[in-house]
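Peer 1: Quick note, the sequences are listed as chains A and B, same order. Residue numbering for the first sequence follows the numbering used here, beginning at 1 and increasing consecutively. Residue numbering for the second sequence follows the numbering used here, beginning at 1001 and increasing consecutively.
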Amino acid sequence: MNQTQFKNLDPPLRVAWGQALASIRVRFLRMLITSLGVALGIAFFCSMQTLRLAPQKDSTQSPEQMQWLIGTSLVMCLVGVTNSMLMSVTERYREIGTIKCLGASDTFIVKVFFFEAILLGFIGSLSGAIIGTALMAITMLVLGNPPIFVSTLQVVVLGTSVGIVMTVLAAIAPAVQAARMPAAAALRMDI
Amino acid sequence: MSSVADKEVVVRTVDVVKQYGEGEAAVRALNGVTCEIFNGEYLSIMGPSGSGKSTLFNMIGGLDKPNEGSVFVNSVDIAQLTAKELAFLRCHTIGYIFQTFNLITVRTALENVTLPMLFAGLTPDEAEERGMKLLTTVGLGHRFHHRPSELSGGQQQRVAIARSLANNPSIILADEPTGNLDLKTGQEIIDLLRSLNQERGVTIISATHDHKMLDVSDRIFHIRDGVLALVETRDELDRSKATASGS
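1) Where does Ile-1204 of chain B land, buried or exposed, given buried means 16+ other C-beta within 10 angstroms?
2) For chain B, is any of its Cβ atoms less than 7 Å away from the one on Cys-46 of chain A?
3) Would you decide whether Glu-1150 of chain B is buried or exposed? Buried here means 16 or more other CB atoms lie within 10 Å of its CB.
4) What whole-angstrom Cβ distance do Gly-103 of chain A and Arg-1090 of chain B have, given they're in contact under 8 Å?
5) Look at Ala-54 of chain A and Met-181 of chain A and say whether their C-beta atoms are less than 7 Å apart.
6) Under a CB-based cut-off of 7 Å, is Leu-102 of chain A close to chain B?
7) If distances are taken between C-alpha atoms only, which option among B:Leu-1086, B:Asn-1102, B:Ala-1087 comes closest to Tyr-93 of chain A?
8) Quick check: the segment 1177-1187 of chain B against the segment 1090-1100 of chain B, are there 3 or more CB pairs under 8 Å?
9) Using a Cβ-Cβ cutoff of less than 8 Å, which residues in the same chain neighbour Asp-1077 of chain B once the five nearest sequence positions on both sides are dropped?
10) Does any residue of chain B have a CB that is nearer than 7 Å to the CB of Ser-88 of chain A?
11) For Arg-52 of chain A and Val-150 of chain A, I'd like the C-alpha separation in whole angstroms.
12) Quick one: which chain B residues come within Cβ less than 8 Å of Ile-99 of chain A?
13) Taking Cβ positions, are Val-1017 of chain B and Gly-1032 of chain B nearer each other than 7 Å?
14) In whole angstroms, what is the alpha-carbon distance linking Gly-97 of chain A and Leu-1086 of chain B?
15) Measuring CA to CA, which of B:Arg-1012, B:Cys-1035, B:Leu-1110 is closest to Phe-1144 of chain B?
16) How should Asn-1168 of chain B be labelled, buried or exposed, when 16 other C-beta atoms within 10 angstroms of its C-beta is the threshold for buried?
17) Distance, Cα to Cα, Val-15 of chain A vs Glu-1024 of chain B?
18) Can you tell me which of the three DSSP states Leu-1151 of chain B falls into?
19) As a quick exercise: from B:Gly-1186, B:Thr-1034, B:Ala-1029, B:Pro-1116, pick the residue whose alpha carbon is nearest that of Thr-1208 of chain B.
20) Determine the closest residue to Phe-113 of chain A out of A:Ala-179, A:Phe-45, A:Ala-43, with distance taken between C-alpha atoms.
21) List the residues of chain B whose Cβ lies closer than 7 Å to the Cβ of Val-15 of chain A, in chain order.
22) When you compare the CB of Val-112 of chain A with every CB in chain B, is at least one pair closer than 7 Å?
23) Contact criterion: CB-CB distance below 7 Å. Does Ala-22 of chain A meet it with respect to chain B?
24) Take Val-1010 of chain B and list the residues in its own chain whose beta-carbon comes closer than 8 Å to its own, dropping the five residues that flank it on each side.
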C-alpha cells in the first residue's frame, strides 16, 4: 500500500497575491462599493480630526463636544468597515470551501483575504482621508479659519493607517473562522 | 471480470458514525458504515436523498471528520491528521468533482486547473504546461482563457474534471457529477470519467442517483438510512440484467 509522504509546504506568497488580485479585478464593482464604505467612514473621521487640530480662534465647540464627535466618527467608521468586510468574506464561504478541497491550507485562505483587505483598505482609506480632510479644510478656509498644512497631512496619514488597520482586522476575523471550518461545512453554507 | 479479493485497498472506513446537531434534535446521517474501496475501481454510491450518501462522500474525501469510527485513505487515518496534513492529502491524493461544478469564478479555466498545482509547489510555467495538456484531454484546450461564467454546464464540468486530475490523484470523488446536466451532456461526462478510470487507473468514487452511472460502475454501494444496505458487483449487475432482458 502506498503511504502518503507528508511535506509541510505552502505555495509562495505570489499565489495568494494573485488570487487576491484576480478577485478584486473580477469583482471590481463589488469591491468599489466595499472600499467606498471604508472611504466614507474614514472621510468623516478625518474631517473631525481636521476640525480638532484647527487653530482655535473662536471656540464654538467645547473640547468635550469635540471628543464626542471624534468618538462617534470612529464608531461609525468601525461599523461601516466591519460590515463591508464581513459581507465580502461571508458571501464567499463556498469559494473558500472549494479552495480547501483543492488543497489550500488554512493560512493560504487567510493570506488571500489579508492581501485583499490591505489593498481595499489602502485605496478606500487614502481616498476617504484625502476627501474628508480636503472638504473640511476648504470649508474652514472659506469661513476664514485656514487650517495648518502640516496638521492636515498628519490627519491624512492617521486616517489612512486607522482605515487599513480596521479593514484588515475586520476581514481577518471572519476569514480565520471560515478557513478553520471543515471544508464540507464551508461548501454547505449558502448565503 | 477480475476478482476484487487481490486488489489494493485505497479507502477503508470502519464503523463510521456521523451525527449532526446535539441532543434530541440530533440526526445520525451515518450509523456505522464499514467498507473497503479498491484501487482502480469505478464505484457508485447510490441512495435516495437524505440517506447519508453525501455524508459518506464527505468522510471519504476528508472534507469532514466522523464522530465515531475511522476513515483510512491510503492507510492513513484521516482523524489523526493536522489541518496542514489534511490539506496536503486533499491536494495530492484526492480530486473533487461537484454537482454544482464549484469552479473558482474569478479565475479562467486554465487558472482553475493550475491552482492545485501551485499549491503542490509547481512553478507557474510547469503548471501552465500541464494544465493545457489536461484541458486538451477533456476536450477544452481551445477555451482555456474563458472564465466559468462564459462556459456551458458541460464545459464547466469538464474543467472541473481537468482540475480534479491536476496533481495526479489516486482517487477522484465525484458528488453527483451529472446532477445539473442534461442527459446527453451527462452521458458525455460519464464516458469521460470512465475513460479516465480505464486509461489512468484512477479510482473513481461517485455519489449519484443517475442510473446511467450504473452501467459503467464496477461496484455499487446502496446506502439506506445511514447504513450500507447492499453492495453489488459488476458480475451480479450483468447477471440481473441478463435475467431481466431474457424474461
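For each residue, glycine too, the CB sits at the ideal point set by N, CA and C.
Peer 2: Let me spell this out:
1) Along the second sequence, one-based indexing puts residue 1204 of chain B at 204. The residue is buried, with at least 16 neighbouring Cβ atoms inside 10 Å.
2) Locating residue 46 of chain A in the first sequence gives position 46, where the first residue counts as 1. By this cut-off, Cys-46 of chain A is not an interface position.
3) As a first step, residue 1150 of chain B must be located in the second sequence, where it is residue number 150. Exposed, by the Cβ-count rule.
4) Within the first sequence, numbered from 1, the residue matching residue 103 of chain A stands at position 103. Within the second sequence, numbered from 1, the residue matching residue 1090 of chain B stands at position 90. Confirmed, about 5 Å.
5) On the first sequence, position 54 is the one that residue 54 of chain A refers to. On the first sequence, position 181 is the one that residue 181 of chain A refers to. Result no, Cβ atoms of Ala-54 of chain A and Met-181 of chain A do not sit closer than 7 Å.
6) Taking the first sequence and counting its residues from 1, the one referred to as residue 102 of chain A is at position 102. Yes - at least one Cβ of chain B is within 7 Å of the one on Leu-102 of chain A.
7) Locating residue 93 of chain A in the first sequence gives position 93, counting from the first residue. Ranking the options by Cα distance to Tyr-93 of chain A, first place goes to B:Asn-1102.
8) yes
9) Indexing the second sequence from 1 puts residue 1077 of chain B at position 77. Counting only Cβ-Cβ distances below 8 Å, and skipping sequence neighbours, we find Ser-1070, Val-1071.
10) Position 88 of the first sequence, counting from 1, holds the residue named residue 88 of chain A. It does not; no Cβ of chain B falls within 7 Å.
11) Position 52 of the first sequence, counting from 1, holds the residue named residue 52 of chain A. Position 150 of the first sequence, counting from 1, holds the residue named residue 150 of chain A. About 14 Å.
12) Working through the first sequence from its first residue, we reach residue 99 of chain A at position 99. Going along chain B in sequence order, the residues near Ile-99 of chain A (Cβ under 8 Å) are Ile-1104, Leu-1115.
13) Walking along the second sequence from the start, residue 1017 of chain B turns up at place 17. Walking along the second sequence from the start, residue 1032 of chain B turns up at place 32. Yes, the Cβ-Cβ distance between Val-1017 of chain B and Gly-1032 of chain B is below 7 Å.
14) The count along the first sequence starts at 1 and reaches residue 97 of chain A at position 97. The count along the second sequence starts at 1 and reaches residue 1086 of chain B at position 86. Answer to the nearest angstrom: the Cα atoms are 13 Å apart.
15) Here residue 1144 of chain B corresponds to residue number 144 of the second sequence, with the count starting at 1. The shortest C-alpha separation from Phe-1144 of chain B is found at B:Leu-1110.
16) On the second sequence, position 168 is the one that residue 1168 of chain B refers to. Exposed is the call here.
17) Here residue 15 of chain A refers to the residue found at position 15 when the first sequence is read from its first residue. Here residue 1024 of chain B refers to the residue found at position 24 when the second sequence is read from its first residue. Cα to Cα, Val-15 of chain A sits roughly 45 Å from Glu-1024 of chain B.
18) Against the second sequence, residue 1151 of chain B aligns to sequence position 151. Three-state result, Leu-1151 of chain B: coil.
19) Counting from 1 along the second sequence, the entry for residue 1208 of chain B is found at position 208. Cα-wise, what sits closest to Thr-1208 of chain B is B:Gly-1186.
20) Start at 1 with the first residue of the first sequence, and residue 113 of chain A comes out as number 113. Answer by Cα proximity: A:Ala-179.
21) Stepping through the first sequence from its first residue, residue 15 of chain A is reached at position 15. Chain B residues near Val-15 of chain A: Leu-1118.
22) In the first sequence, the residue the question calls residue 112 of chain A occupies position 112. Chain B contact via Cβ: absent.
23) Here residue 22 of chain A corresponds to residue number 22 of the first sequence, with the count starting at 1. Cβ-Cβ to chain B under 7 Å: yes for Ala-22 of chain A.
24) Position 10 of the second sequence, counted from the first residue, corresponds to residue 1010 of chain B. Hits under 8 Å: Ile-1037, Phe-1038, Asn-1039, Val-1073, Asn-1074, Ser-1170, Ile-1171, Thr-1203.
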